[in-house]
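Engineer: Supplied in structure tokens, the structure appears directly below.
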Amino acid sequence: MGTSRRNLSVAFIAGLALSASACTQFAANAPSVPQTTVFPVSDVGGLIQGLYELIFWMALVVFVGVEGFFVYAILRFRRRAGDNTIPAQIHGNTRLEIAWTIIPSVVLLIIAVPTIATIFRQDAVPSAGASGEPPMKILVTGRQWFWEFRYPDLRGAPLAVNEVHVPVNRTVVFELRSADVVHSFWIPRLGGKMDVIPTRVNHLWFTPLETGEFFGQCVEFCGIQHANMRVRLYVDTAAEFQNWAARQAADAASPASPQAQQGAVIFQRGACPACHTIKGTSAGGTIGPDLTHVGSRSTLAAGMLQNTYENLTHWIADPQGIKPGSKMRYPNDLPPSPGEAALMAAYLQSLK
Ligand code: CUA
349 MGTSRRNLSV AFIAGLALSA SACTQFAANA PSVPQTTVFP VSDVGGLIQG
399 LYELIFWMAL VVFVGVEGFF VYAILRFRRR AGDNTIPAQI HGNTRLEIAW
449 TIIPSVVLLI IAVPTIATIF RQDAVPSAGA SGEPPMKILV TGRQWFWEFR
499 YPDLRGAPLA VNEVHVPVNR TVVFELRSAD VVHSFWIPRL GGKMDVIPTR
549 VNHLWFTPLE TGEFFGQCVE FCGIQHANMR VRLYVDTAAE FQNWAARQAA
599 DAASPASPQA QQGAVIFQRG ACPACHTIKG TSAGGTIGPD LTHVGSRSTL
649 AAGMLQNTYE NLTHWIADPQ GIKPGSKMRY PNDLPPSPGE AALMAAYLQS
699 LK
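Just so we're aligned, residue 349 is where the sequence shown starts under our numbering, counting upward by one.
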């Protein structure tokens with residue numbers, strides 16, 4: 349009896365110590381788990397985290413209480429050696445039944461009130477942001493398989509693809525539309541998660557409270573490249589954001605190097621302009637991502653590849669090998685030659 353109790357206590361304390369060390373490890377490694385909701389960096393993320401913490405601590409109390417009674421009952425009322433009597437047979441206990449109806453009701457009520465309040469708060473798109481300015485509107489379009497962002501209220505209506513920039517401490521409202529199937533927009537550390545549904549406009553808003561690079565992902569299965577429909581959100585200082593937005597609003601730079609100039613000719617002459625826009629040139633296709641400033645992005649193919657000259661050359665030469673099913677195909681499936689792909693990569697890399 350004494351030994352088993354001691355063993356149980358040792359196991360319990362070891363379990364607690366293990367959980368505590370896991371929590372510390374997790375906290376120390378927060379940046380290495382980029383898609384987590386438990387280190388929020390926005391007001392809405394903080395609201396959701398507040399609910400999570402409330403429920404977590406209540407659940408912990410319930411767990412320890414119920415398991416405590418359970419373990420106590422097992423030890424206290426277990427069958428002893430040599431004891432063959434049948435214990436008293438008990439049916440029903442009104443006081444106990446009332447207690448275990450009322451206590452869970454109260455627990456659920458304590459969870460329900462702040463949860464419903466948070467749902468309404470999150471649902472109401474604010475007309476003024478945290479700083480008193482009107483929120484910044486960003487039109488988001490989900491497509492198989494990339495994200496497009498437009499800033500209709502900013503000068504020159506800048507556009508971004510897969511890498512969305514926002515200024516810190518300014519409330520942003522995303523208007524979410526789909527060009528094809530159902531997608532879902534989620535940047536876990538900023539909070540939210542909202543389906544992106546054809547024929548509907550959904551809204552998601554938050555005020556980013558920290559600068560940095562935050563990762564997100566389409567979270568509704570939308571076809572075979574669903575997992576490669578990633579999104580990055582950059583929270584910039586106000587000045588950095590203005591510089592970025594002004595650069596994105598500008599027309600494409602004219603190619604400077606001889607390679608880039610040759611690449612531009614190949615691009616314009618081939619099938620590329622049928623699908624891609626490069627502002628300031630005659631390329632005005634809307635099926636694929638806008639490439640006006642493709643050289644300024646950190647990744648290619650919705651986050652699959654780092655945006656380097658080598659990767660871009662490879663992508664242009666063999667998009668179906670890298671991202672099977674993507675709409676990046678050539679007429680009769682005849683890709684450009686490796687030399688042509690390299691020249692076009694030099695051109696596109698120059699579009700900063
Ligand atoms: Cu888009 Cu999954």
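Each residue gets a CB set at the ideal place from its N, CA and C atoms; glycine is no exception. Since the model is a prediction, treat every value here as computed from it, not as a measurement.
Compute the minimum distance between the beta carbon of His551 and the heavy atoms of ligand 1, and state whether it is under 6 angstroms.
Structural biologist: Taking the sequence shown and counting its residues from 1, the one referred to as residue 551 is at position 203. No, the beta carbon of His551 sits no closer than 6 angstroms to any heavy atom of ligand 1.
Engineer: Would you mind stating whether Arg645 and Asn655 have Cβ atoms separated by less than 7 angstroms?
Structural biologist: As a first step, residue 645 is located in the sequence shown; it is residue number 297 there, counting from the start. As a first step, residue 655 is located in the sequence shown; it is residue number 307 there, counting from the start. Cβ distance < 7 angstroms, so Arg645 and Asn655 count as in contact.
Engineer: Using DSSP with H/G/I as helix, E/B as strand and the rest coil, what is Ile434?
Structural biologist: Counted from its first residue, the sequence shown places residue 434 at position 86. Three-state DSSP puts Ile434 in coil, outside helix and strand.
Engineer: Does the separation of the CB atoms of Gly490 and Ser453 fall below 7 angstroms?
Structural biologist: Stepping through the sequence shown from its first residue, residue 490 is reached at position 142. Stepping through the sequence shown from its first residue, residue 453 is reached at position 105. In this structure, Ser453 does not lie closer than 7 angstroms to Gly490 by Cβ.
Engineer: Can you tell me which residues form a DSSP beta bridge with Met706?
Structural biologist: Nothing can be reported for residue 706, as the shown portion of the chain is limited to 349 through 700.
Engineer: I believe Ser698 touches Ala604 by the beta-carbon criterion, under 8 angstroms. Please report the beta-carbon distance rounded to the nearest angstrom.
Structural biologist: As a working mapping, residue 698 is identified with position 350 in the sequence shown. As a working mapping, residue 604 is identified with position 256 in the sequence shown. Confirmed, about 7 angstroms.
Engineer: Under the criterion of a Cβ to heavy atom distance below 6 angstroms, does Met577 qualify as lining ligand 1?
Structural biologist: What you label residue 577 is simply residue 229 of the sequence shown in a count that begins at 1. Yes, the beta carbon of Met577 sits closer than 6 angstroms to at least one heavy atom of ligand 1.
Engineer: For Asn655, which of helix, strand or coil comes out of DSSP?
Structural biologist: Stepping through the sequence shown from its first residue, residue 655 is reached at position 307. Residue state, collapsed to three classes: coil.
Engineer: Which residues share a DSSP beta bridge with Gln573?
Structural biologist: Working through the sequence shown from its first residue, we reach residue 573 at position 225. Partner(s): none; Gln573 has no beta bridge.
Engineer: Arg580 lies in the beta strand (DSSP E); which residues open and close that run?
Structural biologist: The count along the sequence shown starts at 1 and reaches residue 580 at position 232. Arg580 -> beta strand (DSSP E) spans 578-584.
Engineer: If you draw a straight line from the alpha carbon of Ala295 to that of Leu557, how long is it in whole angstroms?
Structural biologist: As displayed, the chain neither begins before 349 nor continues past 700, which places residue 295 out of reach and without an answer.
Engineer: Per DSSP, what are the beta-bridge partners of Arg491 in this structure?
Structural biologist: The residue you call residue 491 lines up with position 143 of the sequence shown. Answer is Phe494.
Engineer: Nearest chain B C-beta to Leu552 closer than 7 angstroms, yes or no?
Structural biologist: The question asks about chain B, but that chain is absent: this structure has only one protein chain.
Engineer: Is there contact here, the stretch 530-546 with the stretch 442-458, by at least three beta-carbon pairs under 8 angstroms?
Structural biologist: Result no; under three Cβ-Cβ pairs closer than 8 angstroms.
Engineer: Determine the direct distance from the alpha carbon of Gly618 to that of Tyr499, and round the result to whole angstroms.
Structural biologist: Here the question's residue 499 lines up with position 151 in the sequence shown. Here the question's residue 618 lines up with position 270 in the sequence shown. Each residue's Cα considered, the two are about 30 angstroms apart.
Engineer: Would you say the beta carbon of Cys566 comes nearer than 6 angstroms to a heavy atom of ligand 1?
Structural biologist: In the sequence shown, the residue the question calls residue 566 occupies position 218. Yes.
Engineer: Is it a yes or a no for the stretch 577-595 touching the stretch 630-637, going by three-plus beta-carbon pairs under 8 angstroms?
Structural biologist: No contact exists between the stretch 577-595 and the stretch 630-637.
Engineer: With the cut-off set at 7 angstroms, would you say Thr647 and Ala690 are in Cβ contact?
Structural biologist: Taking the first residue of the sequence shown as position 1, residue 647 is located at position 299. Taking the first residue of the sequence shown as position 1, residue 690 is located at position 342. Their beta carbons are not under 7 angstroms apart, which means Thr647 does not touch Ala690 by this criterion.
Engineer: How about Ala694 and Ile664: are their beta carbons less than 7 angstroms apart?
Structural biologist: Within the sequence shown, residue 694 is the residue found at index 346, counting from 1. Within the sequence shown, residue 664 is the residue found at index 316, counting from 1. Taking 7 angstroms as the Cβ cut-off, Ala694 and Ile664 do not qualify as a contacting pair.
Engineer: Which stretch, first to last residue, makes up the alpha helix (DSSP H) that contains Ala421?
Structural biologist: To locate residue 421, count along the sequence shown from 1; it is residue 73. Taken as a continuous stretch (DSSP letters only), the alpha helix (DSSP H) holding Ala421 covers 391-424.
Engineer: Can you check DSSP and say which residues form a bridge with Gln565?
Structural biologist: Looking up residue 565 in the sequence shown gives position 217. DSSP output for Gln565 lists Arg578 as bridge partner(s).
Engineer: So the candidates are Ser674, Phe468, Phe615, Leu696; which of them puts its Cα closest to the Cα of Ala575?
Structural biologist: Mapped onto the sequence shown, residue 575 falls at position 227. Ranking the options by Cα distance to Ala575, first place goes to Ser674.
Engineer: What's the C-alpha gap between Trp493 and Ile403?
Structural biologist: Here the question's residue 493 lines up with position 145 in the sequence shown. Here the question's residue 403 lines up with position 55 in the sequence shown. Their backbone Cα atoms lie some 36 angstroms apart in a straight line.
Engineer: Straight-line CA distance for Phe411 to Ile451?
Structural biologist: The count along the sequence shown starts at 1 and reaches residue 411 at position 63. The count along the sequence shown starts at 1 and reaches residue 451 at position 103. Approximately 14 angstroms between the Cα atoms of the pair.
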